[in-house]
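Enquirer: Those protein sequences? They're chains A and B, same order as listed. For the record, in the first sequence the residue sitting at position 14 is 14 according to this note's numbering, with numbers rising by one throughout. For the record, in the second sequence the residue sitting at position 838 is 904 according to this note's numbering, with numbers rising by one throughout.
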Amino acid sequence: MIRTRLVAQRLAFLFLLGCFFFNYPLLSIFNQGGSLFGMPSLYAWLMGSWLALIGLLALVIEGMRD
Amino acid sequence: MLQVWVIVLASFLYLGVLFGIAWYADHRADHGRSLIANPVVYALSLGVYCTTWTFYGSVGRAAANGIGFLPIYLGPTLLFALAGFILYRMIRVAKANRITSIADFVASRYGKSQLLGGLVTVIAVVGVIPYIALQLKAVSNSFTILSSYPEIVMPASAGAVPLFQDSALYVAMILAAFTILFGTRHLDATERHEGMVAAIAVESIVKLVAFLAVGTFVVWGLHGGVADVFARAAEVPEVARRLTRADTSAAYGSWGTLIFLSLFASLLLPRQFQIAVVENVDVKHLDRAVWLFPLYLFLINLFVLPVALAGLLHFPAGTVDADTFVLTLPMAHQQEGLALFVFIGGLSAATGMVIVETIALSTMVCNDLVMPLLLRMRWLGLAEKADLSGLLLEIRRWAIAIILGLGYLYFRVAGEAYALVSIGLISFAAVAQFAPVVIGGLFWKGGTRDGALAGLAIGFVLWAYTLLLPSFAKSGWLPEGFIAHGLFGIELLRPQHLLGLAGLDEITHCLVWSLLANVGAYIGVSLLRVPNAREARQASLFIGGTDLSGHLAWSGSAGVADLLPLASRFLGRERAEDAFMRHARSRGLHSVEELPGDARLVNFAENLLAGAIGSASARAMVSSVVSEEPLGLDEVMNILDEASQVRAYSRELEQKSLELTRATAELRQANERLRELDRMKDDFISTVTHELRTPLTSIRAFSEMLQEDPKTDLEQRSKFLGIIVSETVRLSRLINQILDLAKLESGRAEWTVAAVDVGEVIREAADSLTVLFAEKSVTLDLGGCATGLSVMADRDRLMQVMVNLLSNALKFVPAESGLVKVAARGTISEVRVSVTDNGPGIHVADHEVIFDKFRQGSGNTDVLTDKPQGTGLGLPISRQIVEYFNGRLWVESTPGNGACFIFTLPRHSGDNGPAPLQAGNDNQPGGAQ
Numbered sequence: 001m002i003r004t005r006l007v008a009q010r011l012a013f014l015f016l017l018g019c020f021f022f023n024y025p026l027l028s029i030f031n032q033g034g035s036l037f038g039m040p041s042l043y044a045w046l047m048g049s050w051l052a053l054i055g056l057l058a059l060v061i062e063g064m065r066d
Numbered sequence: 067m068l069q070v071w072v073i074v075l076a077s078f079l080y081l082g083v084l085f086g087i088a089w090y091a092d093h094r095a096d097h098g099r100s101l102i103a104n105p106v107v108y109a110l111s112l113g114v115y116c117t118t119w120t121f122y123g124s125v126g127r128a129a130a131n132g133i134g135f136l137p138i139y140l141g142p143t144l145l146f147a148l149a150g151f152i153l154y155r156m157i158r159v160a161k162a163n164r165i166t167s168i169a170d171f172v173a174s175r176y177g178k179s180q181l182l183g184g185l186v187t188v189i190a191v192v193g194v195i196p197y198i199a200l201q202l203k204a205v206s207n208s209f210t211i212l213s214s215y216p217e218i219v220m221p222a223s224a225g226a227v228p229l230f231q232d233s234a235l236y237v238a239m240i241l242a243a244f245t246i247l248f249g250t251r252h253l254d255a256t257e258r259h260e261g262m263v264a265a266i267a268v269e270s271i272v273k274l275v276a277f278l279a280v281g282t283f284v285v286w287g288l289h290g291g292v293a294d295v296f297a298r299a300a301e302v303p304e305v306a307r308r309l310t311r312a313d314t315s316a317a318y319g320s321w322g323t324l325i326f327l328s329l330f331a332s333l334l335l336p337r338q339f340q341i342a343v344v345e346n347v348d349v350k351h352l353d354r355a356v357w358l359f360p361l362y363l364f365l366i367n368l369f370v371l372p373v374a375l376a377g378l379l380h381f382p383a384g385t386v387d388a389d390t391f392v393l394t395l396p397m398a399h400q401q402e403g404l405a406l407f408v409f410i411g412g413l414s415a416a417t418g419m420v421i422v423e424t425i426a427l428s429t430m431v432c433n434d435l436v437m438p439l440l441l442r443m444r445w446l447g448l449a450e451k452a453d454l455s456g457l458l459l460e461i462r463r464w465a466i467a468i469i470l471g472l473g474y475l476y477f478r479v480a481g482e483a484y485a486l487v488s489i490g491l492i493s494f495a496a497v498a499q500f501a502p503v504v505i506g507g508l509f510w511k512g513g514t515r516d517g518a519l520a521g522l523a524i525g526f527v528l529w530a531y532t533l534l535l536p537s538f539a540k541s542g543w544l545p546e547g548f549i550a551h552g553l554f555g556i557e558l559l560r561p562q563h564l565l566g567l568a569g570l571d572e573i574t575h576c577l578v579w580s581l582l583a584n585v586g587a588y589i590g591v592s593l594l595r596v597p598n599a600r601e602a603r604q605a606s607l608f609i610g611g612t613d614l615s616g617h618l619a620w621s622g623s624a625g626v627a628d629l630l631p632l633a634s635r636f637l638g639r640e641r642a643e644d645a646f647m648r649h650a651r652s653r654g655l656h657s658v659e660e661l662p663g664d665a666r667l668v669n670f671a672e673n674l675l676a677g678a679i680g681s682a683s684a685r686a687m688v689s690s691v692v693s694e695e696p697l698g699l700d701e702v703m704n705i706l707d708e709a710s711q712v713r714a715y716s717r718e719l720e721q722k723s724l725e726l727t728r729a730t731a732e733l734r735q736a737n738e739r740l741r742e743l744d745r746m747k748d749d750f751i752s753t754v755t756h757e758l759r760t761p762l763t764s765i766r767a768f769s770e771m772l773q774e775d776p777k778t779d780l781e782q783r784s785k786f787l788g789i790i791v792s793e794t795v796r797l798s799r800l801i802n803q804i805l806d807l808a809k810l811e812s813g814r815a816e817w818t819v820a821a822v823d824v825g826e827v828i829r830e831a832a833d834s835l836t837v838l839f840a841e842k843s844v845t846l847d848l849g850g851c852a853t854g855l856s857v858m859a860d861r862d863r864l865m866q867v868m869v870n871l872l873s874n875a876l877k878f879v880p881a882e883s884g885l886v887k888v889a890a891r892g893t894i895s896e897v898r899v900s901v902t903d904n905g906p907g908i909h910v911a912d913h914e915v916i917f918d919k920f921r922q923g924s925g926n927t928d929v930l931t932d933k934p935q936g937t938g939l940g941l942p943i944s945r946q947i948v949e950y951f952n953g954r955l956w957v958e959s960t961p962g963n964g965a966c967f968i969f970t971l972p973r974h975s976g977d978n979g980p981a982p983l984q985a986g987n988d989n990q991p992g993g994a995q
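1. Buried or exposed for Met868/B, going by 16 or more other Cβ atoms inside 10 Å?
2. Any Cβ of chain A within less than 9 Å of the Cβ of Ala416/B?
3. Report the partner residues of Met68/A according to the DSSP bridge assignment.
4. From what residue to what residue does the alpha helix (DSSP H) around Val70/B run?
5. Would you list, in chain order, the members of the stretch 131–143 of chain B that have their beta-carbon closer than 7 Å to a beta-carbon of chain A?
6. State yes or no: is the beta carbon of Asp353/B nearer than 9 Å to at least one beta carbon in chain A?
7. With DSSP as the reference, identify every bridge partner of Met865/B, one or two as the case may be.
8. Using 9 Å as the threshold, is the C-beta distance between Phe369/B and Phe277/B below it?
9. Rounded to whole angstroms, what is the Cα-Cα separation between Leu706/B and Ile157/B?
10. Does chain B have any CB closer than 9 Å to the CB of Gly63/A?
11. Identify whether Ile556/B lies in helix, strand or coil by the three-state DSSP scheme.
12. Kindly identify the DSSP beta-bridge partner or partners of Phe330/B.
13. Does Met858/B come out as helix, strand or coil in the three-state DSSP assignment?
14. Could you run through the stretch 290–313 of chain B and flag, in chain order, every residue whose CB is less than 7 Å away from some CB of chain A?
15. Let me know the secondary structure DSSP gives Ala821/B once reduced to three states.
16. In chain order, what residues of the same chain have a beta carbon less than 7 Å from the beta carbon of Arg685/B, not counting five sequence neighbours either side?
17. Anything in chain D within Cβ reach of Ala8/A, meaning under 7 Å, just list it in chain order.
18. What do you get for Gly63/A, buried or exposed, if any count of 16 or more other CB atoms within 10 angstroms of its CB means buried?
19. I'd like to check one pair, Arg94/B with Glu260/B: are the Cβ atoms closer than 9 Å?
20. Could you check which residue in Thr282/B, Asn433/B, Val910/B has the C-alpha nearest to that of Thr187/B?
21. Under 8 Å, CB to CB, which of the residues in the stretch 324–346 of chain B have a partner in chain A?
22. So, at 6 Å on beta carbons, what are the nonlocal neighbours of Leu36/A in its own chain, with the 5 sequence-adjacent residues on each side left out?
23. Based on the DSSP output, what are the partners of Cys851/B in its beta bridges?
24. Return the first residue and the last residue of the beta strand (DSSP E) that Trp956/B is part of.
25. What I want to know is whether the C-beta of Ala149/B ends up closer than 8 Å to one or more non-hydrogen atoms of the ligand PLP.
26. Grouping DSSP H, G and I as helix and E and B as strand, with all else coil, what is Ala965/B?
27. According to DSSP, simplified to helix, strand and coil, what is Asn989/B?
28. Exposed or buried, which one is Gly611/B when buried takes at least 16 other CB atoms within 10 Å?
29. Does the beta carbon of Cys19/A come closer than 9 Å to any beta carbon on chain B?
30. For Pro972/B, list the residues DSSP reports as bridge partners.
31. Are at least three pairs of beta-carbons, each pair with one atom in the stretch 638–657 of chain B and one in the stretch 130–142 of chain B, less than 8 Å apart?
32. Can you tell which of Pro303/B, Ile505/B, Val227/B, Pro597/B has its C-alpha closest to the C-alpha of Arg478/B?
33. Count the other CB atoms, across all protein chains shown, that sit within 10 Å of the CB of Arg603/B; report buried if there are 16 or more and exposed otherwise.
34. Over what stretch of residues does the alpha helix (DSSP H) that includes Leu181/B continue unbroken?
35. Whole angstroms is fine: what's the gap from Gln201/B's alpha carbon to Trp119/B's?
36. Would you kindly work out how many angstroms separate the C-alpha atoms of Leu460/B and Gly123/B, rounded to a whole number?
Structure follows, in structure tokens:
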């Protein structure tokens, strides 16, 4: 459950991590043009870090069951 | 294939299927087998966040400024990361208080204020209308475009089309009818709609699959994969500029603002609140939705940028509206089936949004706006009407129709001036005004009703001035000069450059001003006074998560006779009676009439009503029948502030008092027992004295006779001496037995416990009595004695029991014809010995009496007169002994048929060989305690 303080705090940490991923200044680093894995670097970064964040959320949530 | 009738038929078929799903889910829910009670359905239903804005508008937004469509989905992802702190608490609070909408939530938090609920409703309705217009525009445009296939023609400006030829009007009417059918079939006390949620979950799947299908077609059907799309886009300079963003602080600022805005919108939009909070079946479902819902958002956005770029590459600039690329790309490549599927996907996105949003809004309009007003109009006499549930449904139906009508009106007035996303953002900014009072309400106890009213009002006014009115002005419904030169031509009042603030886009500009003023007013006005009793109570309900409902909500009282009719009026009689019955049962009562008119009942009734008409109205209605004594502020504050300590303390007290009660009961019992024993001791002493005096008297009398008359003849003398000797024997036997009994009872008797062969003991006892039996010519039959039965006992004591029983029997059988039979049998666990005689028998009433001290059966003569035949102590002693060895001794007899004395003892498992048992003086069961 999200009930447990530790899980809630881990999720809140991921919230902060997400704020960092999706904003200036990190955004500006990937906004210089060029490409990553055949995609524009900004797009690749945002989609990649978004997916990673979702993965981490899943890890925290599903991991708390044991 | 894509004639108009095909499209219309497909649309209606699809809506019919949805209706079927909803019906089936409702049906299942009625039978207690909920279809939606799992986290995946919950997460999918949250997908109602993705409307035609996402389905059509995102691509348009991406075509205009690249990645700029994305913050709208990053925000909700971040919100769900904060689920433990915000959503989880909101759901808990909403469930505990039967919150039915965001207006209800805010009104309830700040002391169940009707005024506040009304204000939130007005803001929500006005704020969300552009958003509904967006759906109408998207559906009617996509219909117009699809129906002109194979041509790709952009629809004419809505204002130019005559009213009755405007497809958007029909879309609005159909959606209104559909929503009314969907959401207002019956009134539910919890305001939950299982069927609707199931249909929404299905719609979420349909729109996702449709969008992924288009994406797959565009990326792999028209191009050689994602990399190919991006590579081609990079070659065209005009398109390539969408691959990066302006690298200015304003651009990053507005990006961050959009993330922040969508974070709140995904929580505060009436439909999001409805699905995430009100329709939540189990708060545990939130767990998995924390990552499933963001994953859904990720998937539906996966192909947005590639599709936008492909559209830009494919269509000459300015010929096709980028908002329609999702539809026009398949059409341009003759993919009729895919195009129709896309249209259905768009329809899913629109209907899902419209259904949930208008149902949520209609609930708010009915509960927080219309009903409170109607109930205030005394001349309508509503308060006296018997059944208002029909009226409630009627109001909701009209609310749905009117909201969709207003949506259509906005579409006609202002719909053309903006792209889809821009219209939606106006709504986002409106509901963001709820953020301070909702989030503040969850974490800050100091917020008051006045603060919330002030914050919301000023935020709403600034939003309307900086965002809504300019949207009218841009469409020509307000003078153009309003934007360019400000109200009354005052430059400082230019709506999009308020006080000269420049350099921000219009959304950020609106949010900066409105939220700044909103938060400021909320906090500032709240700080003007301390929260009153009611606000403080609600604050602690919302923040502490404590459930104080049965204790402090009402200090007054009202009976079932007032409350049940009240509830019946809003819920219908059957539902109300059902609910009251359940409440009665939960309190262990058998009928509704037995319910006491206490605060608990009043609270129950208020909660029940809150589900149907909102918490503020429910409070008003209940207060009309309750005679409440006002709560003192100090009283409430004291209890609330220390609620947890008080609870812990009272729990401790409760436990202590429980222990005390238990100890008292034990003491009382012990005291009873002591008194009983005392009485028994007195009885015993008086009886013993009596018993001892009888032989003593006779000894003394005969001795005196011998002493006074020395000339008594020898025969007489020896007769007297014989009596004296026998009386002395009797006396000493009596004294021995009394001592014996005293020892047994006090636990000072000495026991030598070993394995004893029962058969042997019986024979020995019989042998010792042979002479006596022979004297009376009584037959002793030992034929029924099995051999090899062993028990753990004291041999001499067991012998005593046997002798007692045999001599007892001997006493009562008639001479010459007397017969005494002894039998011993063994089962696995016990040994059973019976002594049967053919004496006069014992009356049932005496079966227990004979085991009392000095009492003998009525068949025997009174011990005090006539010649006594025994001491009356033999049987009590025997029973003490048998019970000491965990056995039982009793009698079975009917008068005239002899008596059978039976005792059982636990069988010794090792029948051969002694096994000494630890048996001391201190563990005797019958001993004094």
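Note that CB positions come from ideal geometry on N, CA and C, so glycine has one too.
Expert: In brief:
1. buried
2. no
3. In the structure as shown, chain A begins at 1 and stops at 66. Residue 68/A is therefore absent and cannot be evaluated.
4. 70–96
5. Ile133, Leu136, Leu140, Thr143
6. yes
7. Answer is none; Met865/B lacks a bridge partner.
8. yes
9. In this prediction, Leu706/B has a pLDDT of 46, which is less than 50 and means its spatial position is unreliable; what the coordinates show is noted afterwards. Cα-Cα distance, rounded: 22 Å.
10. no
11. coil
12. The partner list for Phe330/B (beta bridge, DSSP) is empty, contrary to what the question assumes.
13. strand
14. Val292, Ala293, Phe296, Leu309, Thr310, Arg311, Asp313
15. strand
16. Lys178, Glu672
17. Here the protein chains are A and B, and chain D is not one of them.
18. exposed
19. yes
20. Asn433/B
21. Ile325
22. Ala44
23. Ala890/B
24. 954–959
25. The ligand PLP is not part of this structure, which contains no ligands at all.
26. strand
27. The pLDDT assigned to Asn989/B is 41, lower than 50, so where the model puts this residue is not dependable; a value taken from the coordinates is nonetheless given after this. In the structure shown, Asn989/B sits in coil (DSSP, three-state: anything other than H, G, I, E or B).
28. Low confidence applies to Gly611/B: its pLDDT is 49, below 50, so where it sits in the model is not reliable, and the reading given next is rough at best. Classification for Gly611/B: exposed.
29. yes
30. Glu896/B
31. no
32. Val227/B
33. buried
34. 180–213
35. 8 Å
36. The residue asked about is misnamed: residue 460/B is Glu in this sequence, not Leu. Near 35 Å, if we compare the C-alpha coordinates of Gly123/B and Glu460/B.
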